[in-house]
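Please read the structure below before turning to the comments.
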Amino acid sequence: MVSKRFLTTALTGFAAASLLAACGDSASEEEVVEVTSEETGEPDAISQRQALLEEMGDAFTVIREQLEGDGDIEAMTAAAATINANAAQFIDYFPEGTSMSSGADTEALDTIWEDPEGFAAAHQRLLDESQKMVNAVATGDLGQIGEQVMPLGMSCGNCHDTFRYDDEA
Amino acid sequence: MSDDKGADSRPGQVRIWDLPVRICHWGFVLLLPVLWWTAENSEMRWHMRAGGLLLALVLFRILWGFVGSSTARFASFVRGPLAVIAYLRTIGKTGGKSVGHNPAGGWSVVILLLLLAAQAFSGLFAGDPFDGATGPLNEGLGIKFSSQMTDWHELAFNLILGFVALHLAAIVTYRVFLRDRLIAPMITGKRERGSLVGEMAPVPAWRALVCAVLAGGLALWAYYGAPGL
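Going line by line, the protein sequences match chains A and B. The numbers in the first sequence follow this note's numbering, run straight up by one, and end at 778. The numbers in the second sequence follow this note's numbering, run straight up by one, and end at 246.
As C-alpha cells, this is what we get:
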C-alpha cells in the first residue's frame with residue numbers, strides 16, 4: 610500500500626514537473642531565445658544570427674509556395690531581397706565561443722571556427738546563389754525562378770550539413 | 018492479460034481499466050516529455066523514433082476503442098452534450114464516480130487522442146528538406162503541404178499542453194473536492210467498489226495482440242517512408 614502510494618505520488622510529480630518544464634519553454638519559444646553575453650551584456654550574437662537565418666528560411670518558403678500557387682512576383686521579389694540582404698548580414702554574428710559546445714542554445718558546430726576558409730566558401734556560395742535568385746525573380750519568369758530553387762536550397766543545406774548540428778534520420 | 022478476470026482482485030475492489038488502456042496511458046505520459054525534449058535539443062533521430070512509437074500507441078488505442086474491454090470502448094463513454102451537462106451539474110451530490118470514463122472525462126479522452134493522432138500524423142510530413150530534419154513522408158508532397166503540416170505540428174503541441182493541463186487540473190479537482198483518487202486505478206486497474214454498480218467486461222488477450230500487430234505494422238510502414246506507395 611505504501612509503495613503504491615509512493616508510486617502514485619512519484620508519477621503525479623513527474624507528470625506535473627514535465628508539464629511545467631514544457632510550459633515554461635513553450636512560452637519563450639515564440640521569441641528568439643534570449644541569451645545575453647555574460648561579458649558585455651549586449652544582445653546576443655546567437656539570437657541575432659538565428660533571427661536573420663529564420664527570416665531567410667521563411668522567405669525561401671514564400672518563394673517556393675508562390676511557385677506552387679499564385680506566382681506572385683511582388684511577394685517573391687520581397688522574399689528574394691530578404692534572403693540576399695540577410696545572407697550578407699548573419700555572417701557577422703559568429704564570434705568565438707558561441708558554438709554548441711559552449712553550452713548555448715545553438716546548433717552552430719565548432720567546425721565554423723576550425724575551418725574558417727570552408728565556412729567562408731560556403732557563405733560565398735550562398736551569396737552567389739541568393740544573388741542569382743534575385744536576378745531570376747527580376748526577370749519575372751517563373752521557369753527561371755523555379756530553376757534557381759534547387760541551387761539556392763542546396764547552398765543552405767550544404768552549410769547546414771557541415772557547420773550545423775543536424776541530427777537527421 | 019485482459020481476461021484474467023479478478024485474478025488478484027480483493028473483495029471490495031472492482032476492475033475498471035484493462036492492461037492495454039493503462040499501457041497506452043502511461044506510454045503517452047512518458048513519450049510526451051521525450052518528444053518535447055528531443056525536439057528542443059535537435060535530437061531529431063530520437064524524436065522520430067519516439068514519434069513512431071507514439072503513432073503506434075495512438076493507433077493501437079483507437080483500435081482498442083472499438084474491440085477492447087468495455088471501459089476502453091468509445092461506444093461506452095462518448096456521450097452527448099446533455100449527458101455531460103447533467104453529469105457536471107450533479108457532480109457535487111453524486112460524487113461523480115463511475116466504472117470507466119464519466120461523460121466529461123470521455124470527451125477528454127477523445128480530444129487528447131485526436132490531438133496526439135494529429136501530432137504524430139503531422140510530424141510524418143513536417144520539415145523542410147533544405148533546413149534540418151524532415152518527417153519520413155515529407156518528400157514529394159509540395160512545400161505548401163509540408164509547411165502547413167509543420168505549422169500544425171507546432172500548434173497541436175500547444176493544444177496538447179493545454180489539454181494535458183486541463184486533464185491534470187481535473188485529477189486534482191477530483192482528489193481535493195470529490196475525494197476521488199484517479200491515479201492509483203490507472204496504475205493498478207482497480208478501484209474501491211464503494212457504491213459503484215457493475216464492472217469492466219474484459220475481452221480475450223489475443224485481440225490486443227491483433228491490434229498491436231496492426232498498429233505497430235502501420236506505424237513502422239509510415240516510419241520507413243511508406244514503401245510501396
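Just so you know, even glycine gets a beta-carbon here, dropped at the ideal spot from N, CA and C.
Check: Alpha carbon of alanine 624 (chain A) to alpha carbon of leucine 49 (chain B), nearest angstrom; Outcome: With a pLDDT of only 44 at alanine 624 (chain A), under the threshold of 50, the placement of this residue in the model should not be trusted; the figure read from the coordinates follows. Answer to the nearest angstrom: the Cα atoms are 10 Å apart.
Check: Local conformation of lysine 110 (chain B) per DSSP, three classes; Outcome: helix
Check: Where glutamate 60 (chain B) meets chain A, residues with beta-carbon distance less than 9 Å; Outcome: Asp776
Check: Glycine 140 (chain B) beta carbon less than 7 Å from that of histidine 170 (chain B); Outcome: yes
Check: Best match in B:Met166, B:Pro202, B:Lys207, B:Trp124 for proximity to valine 31 (chain B) [C-alpha to C-alpha]; Outcome: B:Lys207
Check: Extent of the continuous alpha helix (DSSP H) run through arginine 658 (chain A); Outcome: 654-677
Check: Where threonine 151 (chain B) falls: helix, strand or coil (DSSP); Outcome: strand
Check: Contact with chain B by glutamate 663 (chain A), beta-carbon distance below 7 Å; Outcome: no
Check: Neighbourhood of isoleucine 655 (chain A) by C-beta distance below 8 Å, restricted to the same chain and skipping five residues each side; Outcome: Val642, Val644, Tyr702, Thr707, Ala713, Asp714, Thr715, Ala717
Check: Sequence-distant residues of the same chain with beta carbon closer than 7 Å to serine 86 (chain B), five excluded per side; Outcome: Ser19, Asp35, Met217, Ala218, Pro219, Val220
Check: Neighbouring residues, chain B, relative to histidine 769 (chain A) (Cβ below 9 Å); Outcome: Phe147, Asp148, Gly149
Check: Within 7 Å, strictly: CB atoms of phenylalanine 77 (chain B) and alanine 229 (chain B); Outcome: yes
Check: Local Cβ density within 10 Å of leucine 213 (chain B), reported as buried at 16 or more and exposed below that; Outcome: exposed
Check: is_contact[glutamate 756 (chain A), chain B] using C-beta, thresh 7 Å; Outcome: no
Check: Chain A contact for glycine 242 (chain B) (CB, 7 Å cutoff); Outcome: no
Check: Three CB pairs or more closer than 8 Å across the segment 35-45 of chain B and the segment 747-756 of chain A; Outcome: no
Check: Cβ neighbours of serine 764 (chain A) in the same chain (closer than 6 Å, five flanking residues each side left out); Outcome: Arg734, Leu735, Glu738
Check: Inter-stretch contact (C-beta, 8 Å, three-pair minimum) for the segment 92-109 of chain B and the segment 117-136 of chain B; Outcome: yes
Check: Pair within 7 Å by beta-carbon distance, methionine 61 (chain B) and aspartate 776 (chain A); Outcome: yes
Check: Validate contact between the segment 96-105 of chain B and the segment 238-245 of chain B using beta carbons, cut 8 Å, 3 pairs; Outcome: no
Check: Separation of glutamate 664 (chain A) from phenylalanine 780 (chain A), as counted between CA atoms; Outcome: For chain A, the structure presents residues 610 to 778; residue 780 (chain A) sits outside this window and is missing.
Check: C-beta contact flag for glycine 233 (chain B) and alanine 73 (chain B) at 7 Å; Outcome: yes
Check: Backbone CA spacing between tryptophan 63 (chain B) and threonine 55 (chain B) [nearest angstrom]; Outcome: 6 Å
Check: Proximal residues, the segment 157-185 of chain B versus chain A, C-beta separation under 7 Å; Outcome: Gly159, Ile160, Lys161, Ser164, Asn175, Leu178, Val181, Ala182, Leu185
Check: Reduced DSSP secondary structure (H/G/I, E/B, other) of glutamate 171 (chain B); Outcome: helix
Check: Valine 220 (chain B) in three-state terms, based on DSSP; Outcome: coil
Check: Rounded separation between glutamate 597 (chain A) and tryptophan 722 (chain A) - CA only; Outcome: Nothing about residue 597 (chain A) can be reported from this structure: the residues present for chain A run from 610 to 778 only.
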